[in-house]
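Just so we're aligned: the sequence shown equals residues -12 to 145 in our numbering.
For glycine and all other residues, C-beta sits at the position ideal for the given N, C-alpha and C.
Because the structure is a prediction, the values reported are computed rather than measured.
First up is the structure itself, then whatever we jot down about it.
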Amino acid sequence: MARRPLQPARLEDQEADLPLWAAHEACAAVQPTRATQVRYALDMPLQEDERKLATLALSFLGVGALPPERLADSASWDRTGAPTLVGGREILRRQVGLKPPVSLAVTQIVAQGKTATVSGRLTRNGQPPALFCHVLRFTDPSQARIAQVVSFEQVETA
């Protein structure tokens, strides 16, 4: 069977008749993925619960996907330079379009009760390094569902 040229812009029209490998190649052509290089501070021995909190927080930078069940229905997301988003569905919808940084370093994770913060430095293509901080407020101390996220991103100055 000869491989036919793919037309990524028309993937929706062709998907049903493409073999699995071709559909995968077409998706990659439409939306190339480049994994963000994530590092953690060397002086920070990471516990499993801290790694889970970091994974949640980094999804608000476009690194990984936030499981929908982790957001309360009435969750809100306040972030630098953007309007406040309210509602778990709206937050998930906006996360899909986030462009992840090229690299980031998590320098601090602090958790107490219903609150956690994850902060560090990140680098985006063609931009100077920036500092970031995500404050996660949960619905209860079990930290199962996020009620509010406040995200800051600030370009570093010399």
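* To do: Indicate the three-state DSSP secondary structure (helix, strand or coil) for Arg38 in the structure shown.
  => helix
* If you run the structure through DSSP and keep just helix, strand and coil, what is Leu109? -> strand
* To do: Starting from the C-beta of Asp127, find all residues in its chain whose C-beta is less than 8 Å away, skip the five residues before and the five after it, and write them out in chain order.
  => So the list reads Lys101, once near-sequence residues are dropped.
* Sequence-distant residues of its chain with Cβ nearer than 8 Å to Pro116 (five each side left out) -> Arg108, Leu109, Thr110, Val142 and Glu143
* Asked: With 16 other CB atoms within 10 Å as the buried threshold, where does Val136 fall?
  -> buried
* To do: Return the first residue and the last residue of the beta strand (DSSP E) that Glu77 is part of.
  => Glu77 -> not in any beta strand (DSSP E); alpha helix (DSSP H) instead, spanning Gly75 to Val83.
* To do: Just tell me which of Tyr27, Lys39, Phe125 and Ser129 has its CA closest to the CA of Ala59.
  => Phe125 is the residue among Tyr27, Lys39, Phe125 and Ser129 whose C-alpha sits nearest the C-alpha of Ala59.
* Between the stretch 26 to 44 and the stretch 64 to 74, do three or more beta carbon pairs fall short of 8 Å? -> no
* Asked: Taking the alpha-carbon positions, what's the Thr67 to Met31 distance?
  -> 27 Å
* Asked: By DSSP, does Arg57 sit in helix, in strand, or in coil?
  -> helix
* Arg26 and Ala92 look like a contact to me (Cβ under 8 Å); what is the Cβ gap, rounded to whole Å? -> 5 Å
* Could you check where the beta strand (DSSP E) with Ala28 kicks off and where it finishes? -> Here Ala28 belongs to no beta strand (DSSP E), and DSSP marks it neither H nor E.
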